[in-house]
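Novice: This is the structure, below, for whatever I ask next.
Protein chains: 2
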Amino acid sequence: MTNPTAQVLEIRNHMFLIDCGEGTQVQLRKHKIKFSRINHIFISHLHGDHFFGLPGLVVTFRLLGRKKELHIHGPKGVKEAVTLLLKLGDSWTNYPLYFHEITAKTSVLVYEDEKVTVHTIPLDHRIYTNGFLFQEKLAARTLNIKAAEFYGIDKAYFQNIKNGKDIILENGDVISNKKISYNPPAAKSYAFCSDTAYKPEIASLIKNVFALYHEATFLESEATLAVKTKHSTAKQAASIAKESGAHFLILGHYSTRYGSILPFKEEASTIFPKTYLADDGVSFDFELAPFVE
Amino acid sequence: MTNPTAQVLEIRNHMFLIDCGEGTQVQLRKHKIKFSRINHIFISHLHGDHFFGLPGLVVTFRLLGRKKELHIHGPKGVKEAVTLLLKLGDSWTNYPLYFHEITAKTSVLVYEDEKVTVHTIPLDHRIYTNGFLFQEKLAARTLNIKAAEFYGIDKAYFQNIKNGKDIILENGDVISNKKISYNPPAAKSYAFCSDTAYKPEIASLIKNVFALYHEATFLESEATLAVKTKHSTAKQAASIAKESGAHFLILGHYSTRYGSILPFKEEASTIFPKTYLADDGVSFDFELAPFVE
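Chains as they are written, first to last, in this note's numbering: chain R, -6 to 286; chain W, -6 to 286.
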């Protein structure tokens, strides 16, 4: 890990950017992420390694001729910072730029559309910090068209079937929805938790999360330092994963003091076996093995 | 050129950082520049590609345990920007940080010690911008110790000889300084001019400069665009070099629209043959050929 924090989460056709450390735009380009697909940026906290890449990205969007809205969700202060830097450079955006500043100390909904919700996860760091819980909504059921035709159901009722409703035929027979539709794909969820001291309360906010990213700045051997700097150890991250009932744990944000990141996986795996390591440029496809069970 | 502007100038034991675009600290690390040797940073203007790496560098200096003073010389506003970002992150430096804000519209002295001077070079860009002229002071003459002993001159007078003074012997004979000392090494100078529209007045401010770095964002075929965006063409940069009597010209800040940067050298060389191309990670040693004539 030589680069500061930034993650791209592709979920239900969205491309969410989570945190934006210095150099994020270089990494986005390197990994061929289409800038135009990013419409929402979520910033956990205002430490440089999580947001000093944001002003540059906002300017680059302009140079790329962006016309679409850009929404930035982050702690109070993010608007003042970005607008001051734009003002000093006389570099106002020519696309609509919206700031959604967060001040809540409890978990709140910060984004919702027909496909996903995003809630904050209040964390415990040296400055005001939120993680984010991204949840897919359950998609509509899939019509079993052959079965529907078999029962002679008119097309006009197909949307009702997708919405999970039973159908009453003209003869009064009730056709159970399960007979004429398939289950929708399971709704997945992703929790991003960085930076934070060990905070057991996180687990109850992300119950049964599909994939949990939790910072592990230190190993348990440096637990005292973790407390002092309000960071977590790999073991503590694994405890959160276990307590929350997460399916998978992804670690990251390793201190540069460690020559190798493998011990993080080893340490966490003793408590939570399905642990993976985030690293520069690494991507995880939750539709593929080993994430599909 | 994939990275924004930043240059390190090593001159008379100083390591000056000139501009600090996003990602500069990564490049410094990559090219093994010792962070602790940087004590003065000169910022030309407050566009992101020239200063968005500064807040992160200031924070990194702290994490590296810096104790020495850091001096930042740049346009009014640089202090407000850096201190706001430090404040938002509650990341105050634990080393003395001094801002020297520049507002002058004429060339002014912004740094001086016993070895070098730094003057601003007012440029013509979309926002307030200065280039910088770094000049070595003429070093003391080197004592010709054998000649001094030949004339029986006492050690007490050696400093006077280094200072260029003639010596009067006890018998009244005057020994010309040239007979008992060597010329000091030639004082070199470096002018940094980015970003700027073609501004002929620059030449008179940097008369006989040793090496001139001048931006060449465009080729002459895009001269109209250069005027519109207040940048220069390679040919215009070469004109400044020729008019100033510079010994060498280094081009940089090429627009990403060009697939190759070689045409910049070709275009400039028709007017000023001793033209070189700056690029990511390229260094020029002015003590080595082809700079030594």
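We put the CB at the ideal spot given by N, CA and C, even for glycine.
Please list, in chain order, the chain R residues whose beta carbon lies closer than 9 angstroms to that of E73(W).
Specialist: What E73(W) touches in chain R: L77, L81.
Novice: Excluding the five sequence neighbours on either side, which residues of its own chain have a C-beta within less than 7 angstroms of the C-beta of T292(R), listed in chain order?
Specialist: Residue 292(R) is absent from the model: chain R starts at -6 and stops at 286.
Novice: Output yes if chain R places a C-beta closer than 9 angstroms to the C-beta of S84(W); else output no.
Specialist: Yes, its Cβ sits closer than 9 angstroms to a Cβ of chain R.
Novice: Buried or exposed: where does H118(W) fall if 16 or more other Cβ atoms within 10 Å of its Cβ makes it buried?
Specialist: By the neighbour-count rule (16 or more Cβ atoms within 10 Å), H118(W) is buried.
Novice: Since A239(R) contacts L270(R) with CB under 8 angstroms, what's their CB separation in whole angstroms?
Specialist: About 15 angstroms; that fails the 8 angstroms criterion.
Novice: Whole angstroms is fine: what's the gap from H7(W)'s alpha carbon to R22(W)'s?
Specialist: When rounded, the distance between both Cα atoms is 18 angstroms.
Novice: Give the residues from the segment 39 to 66 of chain R that approach chain W closer than 7 angstroms (Cβ to any Cβ), ordered along the chain.
Specialist: Residues L39, H40, G41, F45, G46, P48, G49, V52.
Novice: Could you check what DSSP says for A190(W) in three-state terms: helix, strand or coil?
Specialist: Of the three classes helix, strand and coil, the one that applies to A190(W) here is coil, per DSSP.
Novice: Quick check: the segment 220 to 229 of chain W against the segment 152 to 168 of chain W, are there 3 or more CB pairs under 8 angstroms?
Specialist: At 8 angstroms Cβ cutoff, the stretches do not touch.
Novice: Quick check on this structure: which residue in K155(W), W85(W), R55(W), K200(W) has the alpha carbon closest to the alpha carbon of P177(W)?
Specialist: The residue with the shortest Cα to Cα distance from P177(W) is K155(W).
Novice: Beta carbons nearer than 7 angstroms to chain R: which residues of the segment 107 to 128 of chain W have them?
Specialist: Those would be R119, I120, in chain order.
Novice: Within 10 Å of its beta-carbon, does L293(W) have 16 or more other beta-carbons around it, so buried, or fewer, so exposed?
Specialist: The question about residue 293(W) has no answer, for chain W in this structure spans -6 to 286.
Novice: Where does F143(W) land, buried or exposed, given buried means 16+ other C-beta within 10 angstroms?
Specialist: Exposed, since its Cβ has fewer than 16 Cβ neighbours within 10 Å.
Novice: List the DSSP bridge partners of T226(R).
Specialist: Per DSSP, F211(R).
Novice: Taking DSSP's pairing of strands, which residues face E3(R) in a bridge?
Specialist: E3(R) pairs with M8(R).
Novice: Counting only beta-carbon separations shorter than 9 angstroms, does G252(R) have a partner in chain W?
Specialist: Not an interface residue.
Novice: Find the residues of chain R that neighbour V101(W), judging by a C-beta separation of less than 7 angstroms, and give them in chain order.
Specialist: Under the 7 angstroms cutoff, chain R gives no residues; its nearest Cβ is about 21 angstroms from V101(W).
Novice: Roughly how many whole angstroms lie between the Cα atoms of F284(W) and F241(W)?
Specialist: Whole-angstrom Cα-Cα distance: 8 angstroms.
Novice: Mind reading off the beta-carbon distance from T122(W) to T189(W)? Whole number of angstroms is fine, and I expect it under 8 angstroms.
Specialist: So it is a contact: roughly 7 angstroms between Cβ atoms.
Novice: In whole angstroms, what separates the C-alpha of V51(W) from that of A141(W)?
Specialist: Approximately 50 angstroms, taken between the alpha carbons.
Novice: Does N(-4)(W) come within less than 9 angstroms of chain R when only Cβ atoms are used?
Specialist: Interface residue, yes.
Novice: Thinking P68(R) and I36(R) are a contact (beta carbons under 8 angstroms), I'd like their distance in whole angstroms, please.
Specialist: 7 angstroms between Cβ atoms; contact.
Novice: Can you tell which of H64(R), S174(R), A209(R), A179(R) has the C-alpha that lies nearest to the C-alpha of C186(R)?
Specialist: Minimum Cα distance to C186(R) is reached at A209(R).
Novice: Measure the C-alpha to C-alpha separation of F151(W) and N137(W) and round it to an integer number of angstroms.
Specialist: Spanning the two alpha carbons is a distance of roughly 10 angstroms.
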